[in-house]
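Participant: Taken in sequence, the protein lines are chains A and B. Residue 2 is where the first sequence starts when you use the working numbering, and the numbers rise one by one after that. Residue 695 is where the second sequence starts when you use the working numbering, and the numbers rise one by one after that.
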Amino acid sequence: NAGVTQTPKFRVLKTGQSMTLLCAQDMNHEYMYWYRQDPGMGLRLIHYSVGEGTTAKGEVPDGYNVSRLKKQNFLLGLESAAPSQTSVYFCASRDRGYIQYFGAGTRLSVL
Amino acid sequence: DAKTTQPNSMESNEEEPVHLPCNHSTISGTDYIHWYRQLPSQGPEYVIHGLTSNVNNRMASLAIAEDRKSSTLILHRATLRDAAVYYCILMGHPNTGNQFYFGTGTSLTVIP
Numbered sequence: 002n003a004g005v006t007q008t009p010k011f012r013v014l015k016t017g018q019s020m021t022l023l024c025a026q027d028m029n030h031e032y033m034y035w036y037r038q039d040p041g042m043g044l045r046l047i048h049y050s051v052g053e054g055t056t057a058k059g060e061v062p063d064g065y066n067v068s069r070l071k072k073q074n075f076l077l078g079l080e081s082a083a084p085s086q087t088s089v090y091f092c093a094s095r096d097r098g099y100i101q102y103f104g105a106g107t108r109l110s111v112l
Numbered sequence: 695d696a697k698t699t700q701p702n703s704m705e706s707n708e709e710e711p712v713h714l715p716c717n718h719s720t721i722s723g724t725d726y727i728h729w730y731r732q733l734p735s736q737g738p739e740y741v742i743h744g745l746t747s748n749v750n751n752r753m754a755s756l757a758i759a760e761d762r763k764s765s766t767l768i769l770h771r772a773t774l775r776d777a778a779v780y781y782c783i784l785m786g787h788p789n790t791g792n793q794f795y796f797g798t799g800t801s802l803t804v805i806p
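Right, dumping it as structure tokens:
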């Protein structure tokens, strides 16, 4: 079972560059989430989606965009990366129940 | 937004029970209490959740105070693999609650 897969696992960007993080889930879940985790901190919600074609802002959405064109994929975009976006990014999915399933994370450094 | 308060860190000897406390004095009547844990360099994983009654599963037990303003995650026999950060989280009903607030959690050290 693949579960939630995040691509890439590591990435280094220069300030101002753009990139897209991909999250794919094979559990046919409706809900998907993007979080960031800074050193010594808990996870903070960036954006989420309650179904294909829908997105909504979370706690810290500024500087990020998302898209959910297909039910199994949730993309997180950084249009112009900043050093403050250096973090570990986690994707999660949830069915109509209570449990979120997380990916292994993407470590992003912005220089 | 309902918030939780947890100790920053705790220690336990291997094979002994561990009681991880969580205070959530502003919990609403429809908030579920969830526990997740995060092992080093991994994403969080679900441990257990409950609403009012105590809950047991293969990983742990959840004891919820009668007034629901606090709860305790119980690991019955700590192993080295239980060393992780444990997060206590409140979430509304799945049909309406879409935001988890993780807080900083409790870092559990298991001593051999």
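Ideal Cβ placement from N, Cα and C applies to all residues, glycine included. Keep in mind that this is a model prediction, so the values were computed, not measured.
1) List the residues that DSSP assigns as beta-bridge partners of glycine 78 (chain A).
2) Would you say glutamine 732 (chain B) and valine 779 (chain B) are within 7 Å of each other, going by their C-beta atoms?
3) Using a beta-carbon distance below 7 Å, is phenylalanine 91 (chain A) in contact with chain B?
4) Indicate whether at least one CB of chain C lies closer than 7 Å to the CB of alanine 25 (chain A).
5) I need the DSSP call for arginine 775 (chain B), collapsed to helix, strand or coil.
6) Is the beta carbon of threonine 698 (chain B) less than 7 Å from the beta carbon of cysteine 782 (chain B)?
7) If serine 88 (chain A) and arginine 37 (chain A) are in contact, beta carbons under 8 Å, what's the gap, nearest whole angstrom?
8) Looking only at C-alpha atoms, which of A:Gly106, A:Ile100, A:Glu31, A:Ala105 sits nearest to isoleucine 742 (chain B)?
9) Beta strand (DSSP E) containing histidine 30 (chain A): first to last residue?
10) Near tyrosine 102 (chain A), what residues of its chain come up, given a Cβ to Cβ distance below 8 Å and the 5 sequence neighbours on each side ignored?
11) Give me the chain A residues within the contact set of histidine 743 (chain B), using Cβ-Cβ distance strictly less than 7 Å, ordered along the chain.
12) Please list, in chain order, the chain B residues whose beta carbon lies closer than 9 Å to that of alanine 105 (chain A).
13) Take valine 51 (chain A) and list the residues in its own chain whose beta-carbon comes closer than 8 Å to its own, dropping the five residues that flank it on each side.
Facilitator: Judging by the given coordinates:
1) If you number the first sequence from 1, residue 78 (chain A) lands on position 77. DSSP output for glycine 78 (chain A) lists A:Thr21, A:Asn66 as bridge partner(s).
2) Looking up residue 732 (chain B) in the second sequence gives position 38. Looking up residue 779 (chain B) in the second sequence gives position 85. Cβ atoms of glutamine 732 (chain B) and valine 779 (chain B): closer than 7 Å.
3) Here residue 91 (chain A) is taken as the residue at index 90 of the first sequence, counted from 1. For phenylalanine 91 (chain A), the answer is yes, since a Cβ of chain B falls inside 7 Å of its Cβ.
4) In the structure shown, chain C cannot be found, because the protein chains are A and B.
5) Translated into positions along the second sequence, residue 775 (chain B) becomes position 81. Three-state result, arginine 775 (chain B): helix.
6) Counting from 1 along the second sequence, the entry for residue 698 (chain B) is found at position 4. Counting from 1 along the second sequence, the entry for residue 782 (chain B) is found at position 88. Yes, they are a contact pair.
7) Stepping through the first sequence from its first residue, residue 88 (chain A) is reached at position 87. Stepping through the first sequence from its first residue, residue 37 (chain A) is reached at position 36. With a Cβ gap of about 4 Å, serine 88 (chain A) and arginine 37 (chain A) count as contacting.
8) Walking along the second sequence from the start, residue 742 (chain B) turns up at place 48. Among A:Gly106, A:Ile100, A:Glu31, A:Ala105, the Cα nearest to that of isoleucine 742 (chain B) belongs to A:Ile100.
9) Counting from one through the first sequence, the residue named residue 30 (chain A) turns up at place 29. Neither: histidine 30 (chain A) is in no beta strand (DSSP E) and is coded neither H nor E.
10) Mapped onto the first sequence, residue 102 (chain A) falls at position 101. Hits under 8 Å: Gly4, Val5, Gln26, Met28, His30, Ala93, Ser94, Arg95.
11) Residue numbering aside, residue 743 (chain B) sits at position 49 when the second sequence is read from its first letter. The contacting residues are Tyr99.
12) Numbered from its first residue, the first sequence carries residue 105 (chain A) at position 104. Those are Ser735, Gln736, Gly737, listed as they occur along chain B.
13) The count along the first sequence starts at 1 and reaches residue 51 (chain A) at position 50. Once the five neighbours on either side are set aside, the close Cβ partners of valine 51 (chain A) are Glu31, Tyr32, Ala57.
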